[in-house]
Amino acid sequence: MAFTRRRLLRNGWGIGAGLLTFAAGWTSWELLRPLAANGAGGKISLGDPSNYADGTATFVNEGRLWVVNAGGELFALSQKCPHLGCRVPFCESSGRFECPCHGSVFDIGGEWIAGPSPRGMDRHPLSLESGVLFVDTGASEDGPDHGSKNYLSPAKGPACIESA
Amino acid sequence: MNDPSTVTTTRDGLEPEIDPVPKGVWQRLRHTEVWQSVFRHPQLDTPRGRALQSFSNVFLHVYPVKVPSRVLRLRYSWRLGYIATVLFTILLVTGIYLMFFYTPSVTSAYGDMQELRTDVGFGQLIRNVHRWSAHLMVLVVVLHLVRVFYAGAYKRPRQFNWVLGMGLLVITLAFSFTGYLLPWDQLSYWAVTVGTNLVGYVPVFGGILSDLLLGGPQIGQATLRRFYTLHVAVLPLALALVLMIHIWRVRKDGFAVHRGSSGAFSEEATQRPGATDPATDQPVDMEVDGTKRVRLLGVVDRESVTAEERLTDDSVFTWPHLLVRHVVVGLGVVATVLALGVAFSAPLRSIANPNLTPEPAKAPWYFVGLQELLSHFDPLVAGILVPAGVLITLMLLPYVDRNPATESRNRKFAIAAFSAVLLIAVTLTVIGALFRGPGWTFVAPWDHSYLEL
Numbered sequence: 009m010a011f012t013r014r015r016l017l018r019n020g021w022g023i024g025a026g027l028l029t030f031a032a033g034w035t036s037w038e039l040l041r042p043l044a045a046n047g048a049g050g051k052i053s054l055g056d057p058s059n060y061a062d063g064t065a066t067f068v069n070e071g072r073l074w075v076v077n078a079g080g081e082l083f084a085l086s087q088k089c090p091h092l093g094c095r096v097p098f099c100e101s102s103g104r105f106e107c108p109c110h111g112s113v114f115d116i117g118g119e120w121i122a123g124p125s126p127r128g129m130d131r132h133p134l135s136l137e138s139g140v141l142f143v144d145t146g147a148s149e150d151g152p153d154h155g156s157k158n159y160l161s162p163a164k165g166p167a168c169i170e171s172a
Numbered sequence: 029m030n031d032p033s034t035v036t037t038t039r040d041g042l043e044p045e046i047d048p049v050p051k052g053v054w055q056r057l058r059h060t061e062v063w064q065s066v067f068r069h070p071q072l073d074t075p076r077g078r079a080l081q082s083f084s085n086v087f088l089h090v091y092p093v094k095v096p097s098r099v100l101r102l103r104y105s106w107r108l109g110y111i112a113t114v115l116f117t118i119l120l121v122t123g124i125y126l127m128f129f130y131t132p133s134v135t136s137a138y139g140d141m142q143e144l145r146t147d148v149g150f151g152q153l154i155r156n157v158h159r160w161s162a163h164l165m166v167l168v169v170v171l172h173l174v175r176v177f178y179a180g181a182y183k184r185p186r187q188f189n190w191v192l193g194m195g196l197l198v199i200t201l202a203f204s205f206t207g208y209l210l211p212w213d214q215l216s217y218w219a220v221t222v223g224t225n226l227v228g229y230v231p232v233f234g235g236i237l238s239d240l241l242l243g244g245p246q247i248g249q250a251t252l253r254r255f256y257t258l259h260v261a262v263l264p265l266a267l268a269l270v271l272m273i274h275i276w277r278v279r280k281d282g283f284a285v286h287r288g289s290s291g292a293f294s295e296e297a298t299q300r301p302g303a304t305d306p307a308t309d310q311p312v313d314m315e316v317d318g319t320k321r322v323r324l325l326g327v328v329d330r331e332s333v334t335a336e337e338r339l340t341d342d343s344v345f346t347w348p349h350l351l352v353r354h355v356v357v358g359l360g361v362v363a364t365v366l367a368l369g370v371a372f373s374a375p376l377r378s379i380a381n382p383n384l385t386p387e388p389a390k391a392p393w394y395f396v397g398l399q400e401l402l403s404h405f406d407p408l409v410a411g412i413l414v415p416a417g418v419l420i421t422l423m424l425l426p427y428v429d430r431n432p433a434t435e436s437r438n439r440k441f442a443i444a445a446f447s448a449v450l451l452i453a454v455t456l457t458v459i460g461a462l463f464r465g466p467g468w469t470f471v472a473p474w475d476h477s478y479l480e481l
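Structure representation (structure tokens):
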């Protein structure tokens with residue numbers, strides 16, 4: 009194809025339009041992308057790790073998460089059900105997490121037991137700094153796959169929801 | 029209408045002329061310079077007068093001057109597209125009223141809703157009408173799609189208008205969904221939570237898309253502001269733009285017509301034998317000086333001008349025949365949503381509480397079928413592959429379905445496949461909306477209704 013003025017102009021317009029689209033996309037992304045903040049989305053202190061006794065689940069409202077002690081091992085579990093995002097409450101009578109929306113059930117470590125959830129409850133990374141426990145709510149890792157049964161134990165008592 | 033006493037002469041032997049000497053206040057007013065600068069056409073009750081009125085009026089210009097008489101029949105289209113447009117107009121007007129009393133803030137949104145109910149005259153009625161119109165619009169747009177499919181009206185030359193219509197359906201759903209969050213009560217918070225979590229199942233980009241939509245890891249102030257901006261600025265502009273093109277193409281692509289098994293009607297097949305051009309008295313489409321003549325119809329897509337229209341001129345003037353019908357249907361729609369607004373209040377539960385999930389938490393009714401599907405299948409399949417597959421297939425339908433026939437007896441496979449998908453979607457929606465209770469267990473609606481609108 010011969011290099012003509014018409015071709016140069018056509019390609020020039022095309023490249024210009026492409027650059028403008030890229031610039032508009034980049035600007036929009038920078039404007040609209042969520043910013044990390046304190047509390048939910050940032051790093052928050054959970055205090056002394058010894059506050060969390062074995063077999064307990066403590067709700068931390070600031071981070072919208074549960075701190076659980078599963079057989080001496082601490083986890084920060086997102087309150088959101090991996091299925092469709094409902095808040096998963098801890099059922100004291102059964103000692104399990106039971107989702108009221110669609111009936112997913114998880115053990116004390118957040119591992120999947122039953123229901124439509126595609127995996128266990130998502131976890132936020134914990135860190136210990138000068139004896140104080142911190143959780144990074146800005147980072148999250150997917151919960152354990154189906155089949156993981158490290159913390160599974162028989163239900164302590166009756167379930168809180170009908171289908172569990 | 030003209031006063032017959034004012035008709036004195038005829039012009040071009042076609043229509044009467046208004047008496048240059050005005051009689052009475054009304055006639056004098058119509059003869060002032062101000063009036064005639066606003067209304068540039070005479071109000072003549074003649075074919076030419078009616079055509080002039082359509083040509084010179086921006087609102088009447090949306091319509092063609094004449095339409096085939098079959099368009100006047102209610103069962104031709106059930107007026108569904110028109111009803112959807114009327115509902116959109118009602119939503120615009122009531123939405124503007126509501127904007128005067130609403131602040132998109134998590135600390136005040138719920139209070140604004142309560143204030144609307146207790147302190148603002150007709151505030152609750154306007155909110156009710158807005159809510160029921162929104163639900164009706166989703167329903168009517170879906171019915172419009174179904175009607176167009178069964179009529180085969182998406183086929184050539186209307187393929188792209190069908191795609192635009194699918195775009196309008198998506199915008200309508202987005203409209204309704206973004207508006208759902210604004211009251212900031214338990215119903216809106218958890219319905220939107222469930223709905224937005226579906227986005228997270230999109231492979232690779234799910235997290236980014238969800239973050240962009242929510243403005244953070246969970247629904248909060250950023251989400252409310254984003255949904256509000258989308259609801260009152262971005263989506264109305266998008267819908268108005270696409271709707272404008274959609275209606276314009278209805279005019280340009282012509283009105284749908286039944287086509288038999290072959291589906292073909294060529295220019296030759298529909299041309300009267302031995303037709304001649306009245307201006308030149310020459311046979312049409314003849315070659316003059318080695319150049320083929322091009323008739324005016326040559327610049328119009330031939331299939332957009334139906335055989336029926338060219339053989340017998342059964343067309344009627346849009347004004348008054350179609351317009352009067354539209355006014356009646358429009359008034360009926362307004363009466364319906366007003367009656368619904370008076371009879372049923374839009375729900376307002378307790379203020380949104382992220383730490384308390386209601387039992388059950390259901391998505392808005394038009395997404396509850398997906399929620400039901402999600403309780404049976406893997407989220408990637410039920411949340412993404414199935415809905416995206418159905419949407420893309422529907423969008424590409426006019427290009428995939430090569431059968432030109434529009435009559436149902438000649439397109440049994442397409443009708444059967446579409447009907448099956450429709451039946452499954454309706455069944456899932458009915459089960460999810462009416463037969464599901466706490467823990468998504470099966471609950472008969474006559475025992476307890478968990479339907480949320």
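So the sequence lines, in the order shown, correspond to chains L and F.
Just so we're aligned, residue 9 is where the first sequence starts under this note's numbering, counting upward by one.
Just so we're aligned, residue 29 is where the second sequence starts under this note's numbering, counting upward by one.
Note that beta-carbon positions come from the ideal geometry of N, C-alpha and C, so glycine has one too.
- Cβ-Cβ separation between residue 460 of chain F and residue 396 of chain F: approximately 4 Å, consistent with a contact (criterion under 8 Å).
- Residue 106 of chain L and residue 88 of chain L have their C-alpha atoms spaced approximately 11 Å apart.
- Under a criterion of Cβ atoms nearer than 8 Å, the residues of chain L adjacent to residue 239 of chain F are, in order, 41, 42.
- In the same chain as residue 368 of chain F, and ignoring 5 residues on each side of it, the C-beta atoms closer than 6 Å to its own belong to 160, in chain order.
- Identification of residues in the segment 57-84 of chain L having a C-beta nearer than 9 Å to some C-beta of chain F yields 67, 69, 72, given in sequence order.
- Residue 13 of chain L and residue 20 of chain L have their C-alpha atoms roughly 10 Å apart.
- Annotation: the continuous alpha helix (DSSP H) that includes residue 417 of chain F extends over 414-428.
- Neighbours of residue 403 of chain F across chain L, judged by C-beta separation under 8 Å: 110, 124.
- Using a CB distance below 7 Å, no part of the segment 255-269 of chain F faces chain L.
- 8 Å or more divides the Cβ of residue 392 of chain F from the Cβ of residue 187 of chain F.
- In terms of beta-carbon proximity, residue 93 of chain L lines the interface with chain F, with at least one pair separated by less than 8 Å.
- For residue 227 of chain F and residue 252 of chain F, the gap between their C-alpha atoms comes out near 17 Å.
- Out of L:126, L:95, L:134, L:109, the CA that lies nearest to the CA of residue 151 of chain L is found in L:126.
- Under the DSSP assignment, residue 121 of chain L falls outside any alpha helix (DSSP H), being part of the beta strand (DSSP E) whose first and last residues are 120-122.
- Neighbourhood of residue 225 of chain F in chain L, by CB distance below 7 Å: 92, 93, in chain order.
- Scanning chain L for C-beta atoms nearer than 7 Å to the C-beta of residue 385 of chain F yields 94, 95, 108, 109, reported in chain order.
- DSSP places residue 69 of chain F in the coil class of the three-state scheme, outside both helix and strand.
- Around the beta carbon of residue 189 of chain F, a 10 Å sphere encloses 16 or more other beta carbons of the protein chains shown; the residue is thus reported as buried.
- Here residue 132 of chain L is buried. Its C-beta has 16 or more other C-beta atoms within 10 Å.
- With contacts defined as CB atoms closer than 8 Å, residue 76 of chain L and residue 61 of chain L fail to qualify as a contacting pair.
- Residue 162 of chain F and residue 204 of chain F do touch by the CB rule: their CB atoms are close to 5 Å apart, below 8 Å.
- A distance below 8 Å separates the beta carbons of residue 99 of chain L and residue 167 of chain L.
- At least one C-beta of chain L is nearer than 8 Å to the C-beta of residue 222 of chain F.
- Per DSSP, reduced to three states, the secondary structure at residue 134 of chain F is coil, with no helix or strand assignment.
- At a cut-off of 4 residues, not a single continuous stretch assigned as alpha helix (DSSP H) sits fully inside the segment 140-168 of chain F.
- For the segment 71-84 of chain F, the beta-carbon criterion of a distance under 7 Å to any beta-carbon of chain L is satisfied by none of its residues.
- Within the same chain, and ignoring the five residues on either side of residue 195 of chain F in sequence, the residues whose Cβ sits closer than 7 Å to its Cβ are 270.
- In this model, residue 67 of chain L and residue 78 of chain L are separated by some 15 Å (Cα to Cα).
- Not a single CB atom of chain L sits nearer than 8 Å to the CB of residue 213 of chain F.
- In this structure residue 231 of chain F is exposed. Its beta-carbon is surrounded by fewer than 16 other beta-carbon atoms within 10 angstroms.
- With a 10 Å radius around the Cβ and a threshold of 16 neighbouring Cβ atoms, residue 156 of chain F comes out buried.
- Shortest Cα-Cα distance from residue 276 of chain F to any of F:463, F:420, F:481, F:92 involves F:92.
- Residue 77 of chain L carries a strand assignment under DSSP once its states are collapsed to helix, strand and coil.
- Note: residue 168 of chain L is not bridge-paired with any residue in the DSSP secondary-structure output.
- The residue among F:121, F:144, F:120 with its C-alpha nearest the C-alpha of residue 131 of chain F is F:144.
- By the Cβ criterion, the segment 341-357 of chain F is not in contact with the segment 133-153 of chain F, since fewer than three pairs of Cβ atoms, one from each stretch, lie closer than 8 Å.
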